[in-house]
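Quick mapping for you: the protein sequence lines, in order, are chains A and B. Here the first sequence is numbered in my numbering, starting from 3 and rising by one per residue. Here the second sequence is numbered in my numbering, starting from 287 and rising by one per residue. Where is the CB? At the ideal position from N, CA and C, for every residue including glycine. Shown next, in structure tokens, is the structure this report addresses.
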Amino acid sequence: MFKELDPLLHSQLRLAVVSLLLSVEEADFVFIREKTGSTAGNLSVQLDKLNEAGYIEVRKFIDGKKPRTVCKITKAGIAAFDAYVKVLQEYIKR
Amino acid sequence: MMETNFNEKESLRVINEMIAQAQNNFQKGVADPSIFSGYVVAFTAIANFLLLNLLENPILSFHVWWLMIPMVFVSRYIGRKNAIKAQVRTQLERLISTVWTAHLFACITILLVIWSGNRIFNTSYLSVLITPTILIFTGMAQFISAKAIRFKAYYYGSFAYWLGALGCMAVCSVNMWHYQFLILAACSILGLAVPGHILNKKAKEHV
């Protein structure tokens, strides 16, 4: 079941992150954590996986004295999400 | 949110939920540039109106409008500072920012067109069109912003601007053209500053 679905996106938190980033231009780590209701540790691991796959861009910088992490979806991420939704639609039609 | 195996219906639920979460995220202080610009324009318009009546050479009163140049820079600086601090930046915010940039260029262009017209036809009458035209442009930019963020107060603001534009011509018809500046001041407060305060309040409640 769900063999054709992108395994990287077929995870509740990673799919939530990509869906969220798809609707905004870029979002802060804190915003993503609050909206997905995940823990910082888990989110950090999943963001790394998405970043390694080239689905998102992660930018880390210092804002005043606070370190910040800002994420943005990439073209590859949008294409992967698009493909994921298409496969998902096929499953639903069955 | 836990990492669990989930089915296609749950996948759809997650996607819908996250897209809904991303909508209507007003950042704290999102309307600060509007509020600042609204008050500065109102102050400048009132100053122009007073100086027109006080100065021996009333033409000099129009120099108060040079204040608009630093106002644009300060307003942009406030917007940029808030954007850096913001937890999220949306495509809508970029669209709205582009609309207001277009508004700025449209205002500069209309000033050049009217000044050129005055010189070409050797008149100063065309100048009475400056304020109503700028009010119409501002109302349009505000209306697009209202539509983009689905914010009613901005809709009302845009209508305040358009009514103000008609009011400007009404005062001209009774030879009281200088009252245009008071109309401009009222529109800037009612159409820009007040809706800005309401939006900031809404953003504060949201955060």
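Of the candidates A:Gln48, A:Glu92, A:Ile80, A:Gln48 places its Cα closest to the Cα of arginine 16 of chain A. With contacts defined as CB atoms closer than 8 angstroms, leucine 24 of chain A and isoleucine 75 of chain A qualify as a contacting pair.
Within its own chain, the residues whose Cβ lies closer than 8 angstroms to the Cβ of threonine 38 of chain A, once the five positions on either side in sequence are excluded, are Leu15, Ala18, Val19, Leu22, Leu45, listed in chain order. Residue burial is scored here from C-beta neighbours: asparagine 486 of chain B has at least 16 other C-beta atoms within 10 angstroms and is therefore classed as buried. Any Cβ of chain B closer than 8 angstroms to the Cβ of serine 46 of chain A would place that residue at the interface, and such an atom is absent. Residues of the stretch 16-32 of chain A with a C-beta atom less than 7 angstroms from some C-beta of chain B are Leu17, Ala18, Ser21, Leu22, Ser25, Val26, Glu27, Glu28, Ala29, Asp30, Val32, listed in chain order.
As computed with DSSP, cysteine 73 of chain A is found in a beta bridge with A:Ala29, A:Val60. Shown here for tyrosine 325 of chain B: same chain residues with a beta carbon closer than 8 angstroms to its own, the five before and five after excluded, namely Ser474, Ile475, Ala479 in chain order. Taking C-beta atoms under 8 angstroms as the contact rule, histidine 483 of chain B and alanine 427 of chain B fail to qualify, at a distance of about 18 angstroms. Under the three-state reduction of DSSP output, lysine 68 of chain A falls in the strand class.
One thing to note: valine 399 of chain B has its Cβ no nearer than 8 angstroms to the Cβ of tryptophan 463 of chain B.
Phenylalanine 312 of chain B sits away from lysine 433 of chain B, with the two beta carbons spaced by 8 angstroms or more.
Exposed is the label assigned to proline 69 of chain A, since fewer than 16 other Cβ atoms lie within 10 Å of its Cβ. Close to leucine 298 of chain B, with beta-carbon spacing below 8 angstroms, are these residues of chain A in chain order: Leu90, Ile94. Per DSSP, reduced to three states, the secondary structure at arginine 375 of chain B is strand. Counting along the chain, the unbroken alpha helix (DSSP H) around asparagine 302 of chain B starts and ends at 294-308. In its chain, beyond the 5 residues on either side, His464, Phe467, Leu468 have a beta carbon closer than 7 angstroms to the beta carbon of phenylalanine 335 of chain B.
Proximity to tyrosine 363 of chain B across B:Ala471, B:Ser323, B:His349, B:Thr330 peaks at B:Ser323, based on C-alpha coordinates. When rounded, the separation of the alpha-carbon atoms in phenylalanine 329 of chain B and alanine 471 of chain B is 7 angstroms. For leucine 412 of chain B, the closest C-alpha among the options B:Gly425, B:Met455, B:Phe423 is that of B:Met455. Along the stretch 64-77 of chain A, the positions whose C-beta sits under 8 angstroms from a C-beta of chain B are Asp65, read in chain order. For a cut-off of 8 angstroms, the C-beta gap from leucine 90 of chain A to leucine 378 of chain B is around 26 angstroms, too long to register as a contact. Taking the Cβ atoms as the reference, glutamine 373 of chain B lies roughly 4 angstroms from aspartate 30 of chain A, within the contact range of under 8 angstroms. The DSSP-derived three-state label of lysine 488 of chain B is helix. For arginine 436 of chain B, no alpha helix (DSSP H) run applies, since DSSP gives it neither H nor E.
Within the stretch 448-471 of chain B, no residue has a Cβ lying closer than 8 angstroms to any Cβ of chain A. Excluding its 5 nearest sequence neighbours in each direction, proline 481 of chain B has C-beta neighbours in its own chain below 6 angstroms: Ala439, Tyr440, Gly443, listed in chain order.
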